[in-house]
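Everything on this sheet refers to the single structure shown next.
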Amino acid sequence: MRRQSAKLVMAVVASGILNWFSQCVAFGGSGVPLDKVGAGPVATANVESVPSDGRPRVIVTSDGEIDDECSMVRFLLCANEFDVEAIVTSSSQYHWQGHRWAGDDWVDKYLDAYAQVYPNLVKHDPRYPAPEYLRARTLLGNVKAEGEMDEVTPGSQYIVKVLLDEADDRPVWLQAWGGMNTIARGLKTIEQEHPEKIAYVARKIRFFFIWEQDSTYQDYIRQHWARYGILTIISDQFEAIAYRWKDILPGELHKYFEAGWMKEHILEGHGPLCALYKAHKAGDKGFEDGDFRSEGDSPAFLHNIVTGLRNMESPDWGGWGGRYVRVRENTWLDPVPVEGYVYPEGRWYSSTSWGRAMTRKGATSATDRQYKEYFKPIWRWVEAIQNDLAARADWCVKPYQQANHPPRVRLAHDRDLNARAGQTVRLSAEGSTDPDGNGLRYRWWQYHEADTYGGIVEIRDSGQKEAWFVVPEDAMAKQTIHVVCEVTDDGRPPLTRYQRVVVTVVP
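As structure tokens, then:
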């Protein structure tokens, strides 16, 4: 793996992406009397789905499994959406040095291919990080055995460096696409050498784990760090876009994963990075040459793309990386659609997760609905997710004018509103634009899984730029209603972004 000491080159941060206005925002909760809640939108402070400045900071750890390699292609195509702190090779219960190992330097060929398409990517978004920047932050972690965390490694030490840096207090999302052992080693170093900094470091950390692919979270991280209330997401829903996608995704979504779509939009004619994408090959049982293989690790960073869904505000709000419920402490797991289900106290992984257990048993007519419902928090978004990937693949080879770019969704009012039961809430996406001048299609819908109000809200004019609904009479004070404004352009491929309005019921 490359080790470079050259000066790091940052991509130029795009300016002028978002204009924030200084005026007060409409509706209750922003200084406007509650008796004005139903009076109509006030075009004051526009709230936009495109991030203005700080992007989420991410550290990726990966075991180099074949689906990690597929996820790495997408991650690099999405790298403009993140402040990438590090890419670290780690081990897992499935892969380590000498055992089904992709090699210590498996990431390098993807960075080489990224370097070739980088000059074109920055024409579409100058925030893409320079190849030299990524290479300098691509490191080897703890890889000698499953769960090995005794050795101090370049990867673990870089994690320490980022977390101890008091010049940057922004949260850091620590993603484990494989095992958590390199992360655990870094945290142990901090505990041993900088005990006075533990509370400070804990405040910065956000965990997103794709299963617990070794025991280091239970044996070390949870034992020593859980007391600090670190937000921890452990996902099983990822299987919706992993190896078993054919069994999990509704049939109408298969076309976005089948060979014809994959070859047209990703695999052929989209440059050297997309050419590395490890789709299925002829002869793979049950698949055609070019079929999507697996990206089980992609939800870890899809969660960090700022789409306007505001999912990073709380894991149970839901977004491209799934939706999760609090199980213990500040630990969030997949919502199981079985009344009275008891989550395991220990690891959430292939031997204990509900989704994998149902896969082993085989869905029946009685359980198929539950099976599909369990994975819905991810598959509900996959059309938009796949079209987003197709657009980014185009950015590798096409000039700006020939490619499509996401719409910018604005609200003509605040994202957080107050309303009484029986009152009318008026919603407006006035001011939404498309950078390519494409037409926009609007869809307002209730995200009832994220609500604390248990009923259904009838949204009127839901296909228009402006919509409205009446807060149901049975809504109780402090309950919330989540309404998503979904905006899709008519470009090719069509791209979707959002805004989420959270209405809190007041007395």
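Just so you know, we're using numbering that gives the first Met the number 0 here: the sequence shown kicks off at 0 and counts up by one.
Note that CB positions come from ideal geometry on N, CA and C, so glycine has one too.
For this session: Evaluate contact between the segment 264–283 and the segment 200–219, counting only Cβ atoms and requiring at least three cross-stretch pairs below 8 angstroms.
Result: no
Problem set entry | Closest by C-alpha distance to E192, when choosing among L173, A166, K160 and D168 | As a position in the sequence shown, residue 192 is number 193, starting the count at 1. Ranking L173, A166, K160 and D168 by Cα distance to E192 puts K160 first.
Problem set entry | Three-state class that DSSP yields for L139 in the structure shown | The count along the sequence shown starts at 1 and reaches residue 139 at position 140. Three-state DSSP puts L139 in a strand.
Exercise. When the Cα of D435 is compared with those of H447, T487 and Y446, which residue comes out closest?
Worked result: Here residue 435 corresponds to residue number 436 of the sequence shown, with the count starting at 1. Closest option to D435, Cα to Cα, is T487.
Problem set entry | Under 8 angstroms between C-beta atoms of N417 and G490 | Residue mapping note: residue 417 aligns to position 418 of the sequence shown, counting from 1. Residue mapping note: residue 490 aligns to position 491 of the sequence shown, counting from 1. Contact flag unset, no.
Problem set entry | C-alpha distance - G285 paired with R243, whole-angstrom precision | Residue numbering aside, residue 285 sits at position 286 when the sequence shown is read from its first letter. Residue numbering aside, residue 243 sits at position 244 when the sequence shown is read from its first letter. Each residue's alpha carbon lies about 11 angstroms from the other.
Exercise. In angstroms, rounded to a whole number, what distance separates the CA positions of G178 and P492?
Worked result: Counting from one through the sequence shown, the residue named residue 178 turns up at place 179. Counting from one through the sequence shown, the residue named residue 492 turns up at place 493. Between G178 and P492, the C-alpha separation is close to 35 angstroms.
Exercise. So, helix, strand or coil for T451, using DSSP?
Worked result: Numbered from its first residue, the sequence shown carries residue 451 at position 452. Looking at T451 - three-state DSSP - the assignment turns out to be coil, as it is neither helix nor strand.
Exercise. Given S349, which residues of its chain have a CB within under 8 angstroms of its CB, disregarding the five upstream and five downstream residues?
Worked result: Within the sequence shown, residue 349 is the residue found at index 350, counting from 1. Only W210 and R355 meet the Cβ criterion.
Problem set entry | When F468, K196, A476 and C395 are compared against A78, the one with the closest alpha-carbon | Reading the sequence shown from its first residue, position 79 is the one you call residue 78. The option with the nearest alpha carbon to A78 is C395.
For this session: May I have a chain-ordered list of the beta strand (DSSP E) segments no shorter than 3 residues that lie completely inside the segment 204–284?
Result: 204–209 and 230–234
Problem set entry | V305 to E80 span [Cα, whole Å] | Locating residue 305 in the sequence shown gives position 306, counting from the first residue. Locating residue 80 in the sequence shown gives position 81, counting from the first residue. Looking at the two C-alpha atoms, the distance is approximately 7 angstroms.
Exercise. Using the C-alpha atoms, what's the distance from V500 back to E465?
Worked result: What you label residue 465 is simply residue 466 of the sequence shown in a count that begins at 1. What you label residue 500 is simply residue 501 of the sequence shown in a count that begins at 1. Near 13 angstroms, if we compare the C-alpha coordinates of V500 and E465.
Exercise. Just checking my contact of H94 with D66 at CB under 8 angstroms: how many whole Å lie between their CB atoms?
Worked result: Reading the sequence shown from its first residue, position 95 is the one you call residue 94. Reading the sequence shown from its first residue, position 67 is the one you call residue 66. Not really, about 11 angstroms apart at Cβ, beyond 8 angstroms.
Exercise. How long is the line joining the alpha carbons of T432 and V142, rounded to whole angstroms?
Worked result: As a working note, residue 432 is residue 433 in the sequence shown. As a working note, residue 142 is residue 143 in the sequence shown. So the alpha carbons of these two residues sit roughly 47 angstroms apart.
Problem set entry | Reference I58; option with closest CA among Y255, C69, S89 and E68 | As a first step, residue 58 must be located in the sequence shown, where it is residue number 59. Minimum Cα distance to I58 is reached at S89.
Exercise. Which whole runs of the alpha helix (DSSP H) in the segment 372–430 are 4 residues long or more, in chain order?
Worked result: 381–394
Exercise. Taking C-alpha atoms, which residue in P506, K397, R322 and G289 lies nearest to L120?
Worked result: Along the sequence shown, read from residue 1 onward, the residue named residue 120 stands at position 121. The shortest C-alpha separation from L120 is found at K397.
Exercise. How would you call V341, buried or exposed, if buried means at least 16 neighbouring beta carbons within 10 angstroms?
Worked result: What you label residue 341 is simply residue 342 of the sequence shown in a count that begins at 1. Its Cβ having fewer than 16 others within 10 Å, V341 is exposed.
Problem set entry | G321 (DSSP reduced to helix, strand or coil) | As a first step, residue 321 is located in the sequence shown; it is residue number 322 there, counting from the start. In the structure shown, G321 sits in a strand (DSSP, three-state: E or B).
Exercise. Given that a residue counts as buried once 16 or more other Cβ atoms are within 10 Å of its Cβ, and exposed if not, what is H98?
Worked result: Taking the sequence shown and counting its residues from 1, the one referred to as residue 98 is at position 99. Exposed.
Exercise. Quick one, are the C-beta atoms of I197 and N329 less than 8 angstroms apart?
Worked result: Start at 1 with the first residue of the sequence shown, and residue 197 comes out as number 198. Start at 1 with the first residue of the sequence shown, and residue 329 comes out as number 330. Their beta carbons are not under 8 angstroms apart, which means I197 does not touch N329 by this criterion.
For this session: Return the CA-CA distance between R442 and D104, expressed in angstroms with no decimal places.
Result: As a working note, residue 442 is residue 443 in the sequence shown. As a working note, residue 104 is residue 105 in the sequence shown. One C-alpha to the other measures close to 45 angstroms.
Exercise. Can you tell me the Cα-Cα spacing of V36 and D450, whole angstroms?
Worked result: Reading the sequence shown from its first residue, position 37 is the one you call residue 36. Reading the sequence shown from its first residue, position 451 is the one you call residue 450. Residue placement at V36 cannot be trusted, given a pLDDT of 38 that sits under 50; what the coordinates show is reported in the next sentence. Answer to the nearest angstrom: the Cα atoms are 20 angstroms apart.
Exercise. Of all the options D124, S293 and L139, which has the alpha carbon lying nearest to the alpha carbon of Q385?
Worked result: Taking the sequence shown and counting its residues from 1, the one referred to as residue 385 is at position 386. Of D124, S293 and L139, the residue nearest in Cα terms is S293.
Problem set entry | Neighbourhood of F374 by C-beta distance below 6 angstroms, restricted to the same chain and skipping five residues each side | What you label residue 374 is simply residue 375 of the sequence shown in a count that begins at 1. Excluding positions up to five away in sequence, the list reads Q236, A239 and I247.
For this session: Give the single residue among L332, L272 and V72 whose Cα lies nearest to the Cα of D296.
Result: One-based indexing of the sequence shown puts residue 296 at position 297. For D296, the nearest C-alpha among the options comes from V72.
For this session: Reducing DSSP to helix, strand and coil, say where A144 ends up.
Result: Within the sequence shown, the letter at position 145 stands for residue 144. Here A144 sits in coil by DSSP.
Exercise. Over what stretch of residues does the alpha helix (DSSP H) that includes C69 continue unbroken?
Worked result: Walking along the sequence shown from the start, residue 69 turns up at place 70. It spans I65 to L76 - the alpha helix (DSSP H) in which C69 sits, taken as one unbroken run.
Exercise. To the nearest angstrom, how far is it from the Cα of D149 to the Cα of R169?
Worked result: Here residue 149 is taken as the residue at index 150 of the sequence shown, counted from 1. Here residue 169 is taken as the residue at index 170 of the sequence shown, counted from 1. Approximately 28 angstroms, taken between the alpha carbons.
Exercise. Can you list, in chain order, the residues of its chain whose CB lies under 6 angstroms from that of E378, leaving out five sequence neighbours each side?
Worked result: As a first step, residue 378 must be located in the sequence shown, where it is residue number 379. In the sequence on display, residue 378 carries Trp and not Glu. Here the set comprises A239 and L248.
For this session: Given a cut-off of 8 angstroms, decide if W316 and R309 are closer than it, judged by their beta-carbon atoms.
Result: Numbered from 1 along the sequence shown, position 310 holds the residue referred to as residue 309. Numbered from 1 along the sequence shown, position 317 holds the residue referred to as residue 316. Going by C-beta atoms, R309 is nearer than 8 angstroms to W316.
Problem set entry | Reference E429; option with closest CA among W444, Q445, H412 and Q422 | As a working mapping, residue 429 is identified with position 430 in the sequence shown. Measuring from the Cα of E429, the nearest candidate turns out to be H412.
Exercise. Using DSSP with H/G/I as helix, E/B as strand and the rest coil, what is R496?
Worked result: Position 497 of the sequence shown, counted from the start, is the residue given in the question as residue 496. It is a strand residue.
Problem set entry | Bridge partner(s) assigned by DSSP for T330 | Within the sequence shown, numbered from 1, the residue matching residue 330 stands at position 331. In DSSP, T330 forms a bridge with T231 and R327.
Problem set entry | Contacts around G39, its chain only, beta-carbon distance under 7 angstroms, and the 5 residues preceding and following it disregarded | Stepping through the sequence shown from its first residue, residue 39 is reached at position 40. Low confidence applies here, because G39 scores a pLDDT of 36, under 50, leaving its location unreliable and the question unanswered by this model.
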